[in-house]
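Each remark here refers to the structure printed beneath this line.
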Amino acid sequence: MNQDYLPTLNVVCGLILLWTLETWLPAAKDRQGRLRHAFRNLSLGLLNAIALAVLAAPLITQIAIRAEGTSFGLLRLFQLSHLNSTIAAILLFDGWMYLWHRANHRIHFLWRFHRVHHSDREMDVTSAIRFHIGEILISSALRLAVIPLLGINLWQLLVYELIMMPVILFHHSNVRFPERLDRWLRVVLVSPAIHRVHHSRARAETDSNYSTIFSFWDRIGGSFRLRNNGRPVDFGLAEYDDEKWQQMSGLLTTPFISAGTDGSIAAHTSENELPR
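Converting from the sequence shown to the numbering used here requires adding 10 to each position, the first position being numbered 1.
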């Protein structure tokens, strides 16, 4: 099989598997409009996949191939075995993803695009691919510089993507996952309990838990947060709760229209209004 299709196959299989598990073992039960919610998120995800395939992926592939033929890049400063180099590449790129995600919450221009992801009033496996095409293209453009700077080759990038997507799909999913297992998992990886807090509409919780694969980046960065009271998380952004913002037209125009506020992260519930 052509390895170019592996990331797509990885995502499709993950979506099908976790959607099925959400049906049998839902964390949040009695959800209304589940199919409509999924259709909207999947439609946005499909649009992004087309943009990536046509615009971003060819450029990123060429940059990674050209960088591999040089001695340029952080990883090439060290004499590492193929295995150790791949492990280091995964860690370095995941560290970059943490910084990029955090920047999306700190820089107003980036937040305007990223709030499409956070405006989802429910969270399930399809939420993992609910991103505005603008955010996808900006992220891809930055990768054109990050990949050669870190010295990551195409194979290592593929391995990272194949690990990242199942983890992202899983920690967005609405699958009932035992707290005892979650506690063990989140020592190293981003678990559902960690990421659900990140999707809270309370600002202090939204501005936490930025990690993609490995949860220790948040501990290092001082942005790790958990709920210990057992109360369910209220998802979404209050200013984008209206149904019109959940439709495709609303999702695509969200970065360019502020709904009743300045559209910034500060519009969320304050620290003092966090559930205790």
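For every residue, glycine included, the Cβ atom is placed at its ideal position computed from N, Cα and C.
Nearest to LEU261 by C-alpha distance, out of ASN20, TRP227 and SER129, is SER129.
A distance below 8 Å between beta-carbons, with the five flanking residues on each side excluded, links LEU69 to the following residues of its chain, in chain order: SER150 and LEU154.
Contact between the region 100-109 and the region 210-222 is present: three or more C-beta pairs spanning the two stretches fall below 8 Å. For TYR108, the enclosing alpha helix (DSSP H) has its first and last residue at 92-116. Residue THR216 holds the alpha-carbon nearest to the alpha-carbon of ARG206 among ASP251, THR216, VAL197 and LEU199. In the assembly as shown, PHE141 is a buried residue. Its beta-carbon has 16 or more other beta-carbons within 10 Å.
Counting only residues of its own chain and dropping the five nearest sequence neighbours on each side, ALA38 has a CB closer than 7 Å to the CB of ASN184. For the alpha helix (DSSP H) assignment, the uninterrupted runs of no fewer than 4 residues enclosed by the region 180-247 are, from N- to C-terminal side, 189-195, 202-208, 213-216 and 226-231.
Just measuring C-alpha positions, the residue of LEU172, LEU31, PRO17 and ALA98 sitting nearest LEU62 is PRO17. The Cβ atoms of ILE157 and LEU168 do not sit closer than 8 Å to each other. Going by beta carbons, ALA66 and LEU85 fall outside the 8 Å limit. Counting along the chain, the unbroken alpha helix (DSSP H) around TRP34 starts and ends at 16-34. Just so you know, the alpha carbons of GLU249 and ALA269 end up roughly 6 Å apart. In the DSSP annotation of this structure, GLY43 is not part of any alpha helix (DSSP H), being labelled neither H nor E. Proximity of the region 39-54 to the region 133-147 meets the contact definition, three or more beta-carbon pairs being nearer than 8 Å. Annotation for ILE148: the continuous alpha helix (DSSP H) segment containing it runs 143-160. Leaving aside the five residues that flank PHE103 on each side, the residues in its chain whose CB is nearer than 7 Å to its CB run, in chain order, LEU160, ILE162 and TYR170. In the three-state scheme derived from DSSP, where H, G and I count as helix and E and B as strand, SER81 is classed as coil.
One thing to note: HIS182 has its Cβ within 8 Å of the Cβ of VAL135. Here MET133 is buried, its C-beta having at least 16 other C-beta atoms within 10 Å.
Judged by their CB atoms, VAL21 and MET175 are nearer to each other than the 8 Å cut-off.
Rounded to the nearest angstrom, the gap between the Cα atoms of THR263 and LEU164 is 34 Å.
Buried is the label assigned to LEU28, since at least 16 other Cβ atoms lie within 10 Å of its Cβ. Note that the C-beta distance between HIS124 and GLU145 is below 8 Å. If you ignore the 5 residues before and after ARG112, its C-beta comes within less than 8 Å of the C-beta of TYR220, GLY231 and SER233, all in its own chain and listed in chain order.
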